[in-house]
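Residue numbers (my numbering), protein chains in the order written: chain A, 20 to 354; chain B, 20 to 354. Ideal Cβ positions, reconstructed from N, Cα and C, are used throughout, including at glycine. Working notes for the structure below.
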C-alpha cells in the first residue's frame with residue numbers, strides 16, 4: 020500500500036460533532052525529507068480532549084487546523100528514517116496523524132518496546148489516559164486508605180484506571196457508567212464496591228447515596244454538569260474533586276450550570292483541574308508502577324478497537340456519546 | 020438598665036430574609052448561675068455566614084434555633100462573674116447573643132485588651148473576618164509578588180483585608196464593589212490598582228478584563244454565581260480561587276448555575292473552600308501580623324456601625340443586599 024487515507028478537519032462544529040465536520044481523502048504517500056521520518060501508523064487514540072481542539076479558542080493543546088489532517092496519540096513503525104535516532108523497523112509512539120502514514124520529526128516520537136500485551140496499550144493503560152488517572156489520584160485526590168472514592172465515566176479510558184488505583188490504595192470505590200454491561204464490568208471485573216447506570220437511575224441523588232453510603236471523599240470528575248451538581252451534595256468535609264474532564268458539557272452550545280457550588284465553602288471542598296502533560300517529570304515513575312501492576316494482574320484494562328482509519332470519525336463521535344466500552348482506539352494497520 | 024432587649028429567630032426564611040423572620044422581645048436580665056458569667060454586650064458582629072445558620076440543614080456551624088435568641092461574634096464587659104477566669108470589668112470577645120446582656124460560660128469567651136482603636140476591631144480587622152482573609156490568602160491563594168489578585172465584595176469585612184494583604188505581598192490588586200463610593204474607597208483609600216462598580220458595569224466580562232489586563236492569578240471569591248462565571252474566563256493558567264463565600268446565592272431559592280467550570284480543567288485551576296475556624300492554630304500568628312500592620316498604618320479598615328440591638332435585623336438584611344459600607348457591626352452599648 021502506498022496510498023495514504025487521511026482524515027481532514029473540514030469544518031468547526033458548534034454543538035455536536037457529526038460526519039460533516041470531517042473529510043476523508045486519499046493522497047499519495049509522502050517522502051520524508053532531511054531530519055524527518057516516515058511512520059506506518061498502527062494504532063491511533065481517540066480521546067475526549069480532542070473535542071476541545073476543535074474549538075476556535077482551543078486553550079491547552081494546539082487547536083486542529085481546518086483543512087489539515089487531524090492528529091493525536093498514535094503508535095507506529097518507522098518505515099523510512101532520515102534521522103539518527105530511529106531506524107526502519109523501530110516501534111514508536113507520539114503525535115501521529117489520523118492517516119495510514121505520517122511524515123514527522125524525531126522530537127515528536129519515542130521508541131517503545133514491543134513486548135507488551137498490545138501496542139495499543141501505549142495509548143491507554145501505559146499511556147496518556149492511564150497516566151492522567153495516576154497523576155490525578157496522586158497529586159490531587161490523595162485518597163487515604165478507607166476513604167470513599169467515586170469515579171464517573173468509570174469504564175472509560177481514564178476512569179477504569181482511576182478506580183483501580185483507588186482500590187489498590189485500600190479505598191472504598193464506587194463508579195457510574197452508561198450501560199448495564201459497563202456497570203457489570205466495573206463491579207464484577209474491576210471489583211468496584213458500588214456501581215450504577217446513570218442513564219437508567221431514576222434519581223442521580225438516590226443512586227449516588229446508595230452507591231456511596233458513607234459519602235464521598237474523592238471524586239474523580241470526568242463528566243461535569245448535573246453529575247457534578249449531584250456529587251457536591253454527597254461530599255464529605257474536606258473532599259477533593261479531581262477535575263479531569265467534563266465530557267457532558269463539551270458538545271453543548273449552552274453548557275449546564277452547576278448551582279450548588281456554595282456548598283464547597285462550608286464543606287471545605289477542593290476542586291482542581293490539571294493536564295497530564297504538565298507532569299511529564301513523573302512519567303518514568305508512572306511507567307514503572309503501572310507496568311508492574313499490569314504484569315501482576317492488579318490492573319485490568321478494556322479497549323474498544325475500531326478497525327480502519329476511515330472509521331475514526333464515527334468512532335470519535337460515538338465516544339463523545341458514550342457508545343465506546345473501554346478505551347477507544349482505532350487500528351490502522353497490522354502490528 | 021436591667022431589662023434585656025433580645026432578637027429571636029422567629030421563622031425560617033426561604034429566599035430573602037425579611038423583618039418577619041425576627042422577633043424583638045424584652046425580658047428581665049437573667050442571673051448567671053454557678054460557672055456562668057453575665058456579659059454586657061457592647062458590639063455584635065453581623066456576617067454573611069449567618070444566613071447559612073438560618074437554614075434547616077446548616078452545615079458547618081450550628082444552625083439558629085427557632086424561638087431562641089440569635090447569636091454570633093460579640094464584644095462585651097463582664098458584669099457578674101461566677102467563674103475564676105474572669106472578673107467584673109473584664110473585656111471579652113466570643114459568642115454572644117443579639118441582646119443587651121448574655122449569660123454564658125467561660126469557655127466561649129476570651130479576654131481582650133481594650134487598647135485598640137475600637138473594641139469593634141475584635142469583630143473585624145482583628146477578628147474572624149480579617150483572619151478569614153489572611154488564612155485564605157496564606158493557605159489557598161499563595162499569591163506571589165507580581166501576580167494579579169482580584170477580590171469581589173472588595174469593600175466588605177473580608178474583601179478589604181484580602182486586597183490589602185495582596186498589596187503588601189507585592190501583587191497587582193483589583194476589586195469590585197456595589198457603589199461608586201465603595202469603588203472610590205478601595206481605589207483611593209486602600210490603593211487597589213483596578214476597581215469597578217459591578218452594579219453599573221454594562222458587561223462584567225469587559226469590566227473584569229479592563230480591571231485585570233493581565234488576567235487573574237488569584238480570585239478571592241465572596242460572591243459566586245454570575246461573578247464566578249465571568250472570573251473563570253479571565254483566569255490565568257494555574258489560578259487559585261479562594262472560595263470564601265458566595266453571598267449572591269444565599270438568598271436565592273434557585274441559585275444561579277455556573278456554566279463554564281470545564282475551563283478549570285484545561286486552565287488547571289484550583290478552587291478551594293475553607294472555614295476559618297479550622298485554622299485556629301494560626302490565630303496567634305495572625306494577631307501578631309495584623310496588629311503590626313494596623314499599628315503601622317499598612318492596613319486600613321472601614322466599619323459600618325448600626326446603633327441599637329433592636330436594629331440588628333434591618334442591618335443584617337441590608338448587609339445581605341450589600342447596603343453596608345465596610346464591616347457591619349451593631350453597637351449595643353457604650354464601651
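Classify residue i as buried or exposed, calling it buried when 16 or more other Cβ atoms lie within 10 Å of its own Cβ.
i                     : result
residue 188 (chain A) : buried
residue 307 (chain B) : exposed
residue 247 (chain A) : buried
residue 70 (chain B)  : buried
residue 249 (chain A) : buried
residue 51 (chain B)  : buried
residue 49 (chain B)  : exposed
residue 31 (chain A)  : exposed
residue 90 (chain A)  : buried
residue 33 (chain B)  : exposed
residue 75 (chain A)  : exposed
residue 37 (chain A)  : exposed
residue 147 (chain B) : buried
Could you give the distance in angstroms between the alpha-carbon of residue i and the alpha-carbon of residue j?
i                     : j                     : result
residue 144 (chain B) : residue 87 (chain A)  : 59 angstroms
residue 277 (chain B) : residue 275 (chain A) : 8 angstroms
residue 109 (chain B) : residue 131 (chain B) : 8 angstroms
residue 237 (chain A) : residue 168 (chain A) : 5 angstroms
residue 347 (chain A) : residue 197 (chain B) : 50 angstroms
residue 112 (chain A) : residue 199 (chain B) : 58 angstroms
residue 341 (chain B) : residue 97 (chain B)  : 33 angstroms
residue 251 (chain B) : residue 283 (chain B) : 8 angstroms
residue 85 (chain B)  : residue 267 (chain B) : 25 angstroms
residue 269 (chain A) : residue 62 (chain B)  : 51 angstroms
residue 161 (chain B) : residue 154 (chain B) : 10 angstroms
residue 163 (chain A) : residue 186 (chain A) : 11 angstroms
residue 93 (chain B)  : residue 290 (chain A) : 34 angstroms
residue 171 (chain A) : residue 253 (chain B) : 28 angstroms
residue 135 (chain A) : residue 149 (chain A) : 15 angstroms
residue 336 (chain A) : residue 64 (chain A)  : 13 angstroms
residue 353 (chain B) : residue 60 (chain B)  : 9 angstroms
residue 344 (chain A) : residue 334 (chain A) : 11 angstroms
residue 105 (chain A) : residue 239 (chain B) : 51 angstroms
residue 218 (chain B) : residue 265 (chain B) : 16 angstroms
residue 316 (chain B) : residue 55 (chain B)  : 39 angstroms
residue 177 (chain A) : residue 326 (chain A) : 22 angstroms
residue 339 (chain B) : residue 281 (chain B) : 30 angstroms
residue 271 (chain A) : residue 244 (chain A) : 11 angstroms
residue 22 (chain B)  : residue 204 (chain B) : 40 angstroms
residue 66 (chain B)  : residue 241 (chain B) : 12 angstroms
residue 191 (chain A) : residue 259 (chain A) : 15 angstroms
residue 44 (chain B)  : residue 350 (chain B) : 18 angstroms
residue 286 (chain B) : residue 124 (chain A) : 28 angstroms
In the structure shown, what three-state DSSP assignment does residue i receive?
i                     : result
residue 31 (chain A)  : coil
residue 241 (chain B) : coil
residue 224 (chain B) : helix
residue 337 (chain A) : helix
residue 133 (chain B) : coil
residue 144 (chain B) : coil
residue 329 (chain A) : helix
residue 48 (chain A)  : coil
residue 154 (chain A) : helix
residue 39 (chain A)  : helix
residue 173 (chain A) : coil
residue 163 (chain B) : coil
residue 187 (chain B) : helix
residue 318 (chain B) : coil
residue 64 (chain A)  : strand
Could you tell me whether the Cβ of residue i comes closer than 8 angstroms to any Cβ of chain D?
i                     : result
residue 130 (chain A) : This model lacks chain D altogether, as its protein chains are A and B.
Task: Length-filtered (4 minimum) alpha helix (DSSP H) runs lying within the segment 243 to 315 of chain A - done: Runs of the alpha helix (DSSP H) inside the segment 243 to 315 of chain A: 245 to 251, 282 to 285 and 302 to 314.
Task: Selection of the segment 289 to 304 of chain A by Cβ proximity to chain B, strictly under 9 angstroms - done: Within the segment 289 to 304 of chain A, the residues whose Cβ lies closer than 9 angstroms to some Cβ of chain B are 289, 290, 291, 292, 293, 294 and 297, listed in chain order.
Task: Ranges of the alpha helix (DSSP H) found wholly within the segment 72 to 131 of chain A, counting only runs of at least 4 - done: As summarised for the segment 72 to 131 of chain A, there are no continuous alpha helix (DSSP H) elements at least 4 residues long confined to that stretch.
Task: Contact set between the segment 274 to 285 of chain A and chain B, restricted to residues whose Cβ is under 9 angstroms from the partner - done: Flagged, chain order: 274, 275, 276, 277, 278, 279, 280, 281, 282, 283, 284 and 285.
Open item on the list: Give me the subset of the segment 238 to 251 of chain B whose CB atoms are less than 9 angstroms from a CB atom of chain A, sorted by chain position.
Closed with: For the segment 238 to 251 of chain B, residues whose beta-carbon sits nearer than 9 angstroms to a beta-carbon of chain A comprise 240, 243, 244, 247 and 248.
Task: Contact list for the segment 337 to 349 of chain B against chain A, Cβ threshold 9 angstroms - done: Here the close residues number zero.
Task: Those runs of the alpha helix (DSSP H) which lie wholly inside the segment 192 to 220 of chain A and span at least 4 residues - done: The qualifying runs are 199 to 203.
Open item on the list: At a CB distance below 9 angstroms, what residues from the segment 149 to 164 of chain A approach chain B? Give them in sequence order.
Closed with: Contacts with chain B (Cβ-Cβ distance below 9 angstroms) from the segment 149 to 164 of chain A involve 159, listed in chain order.
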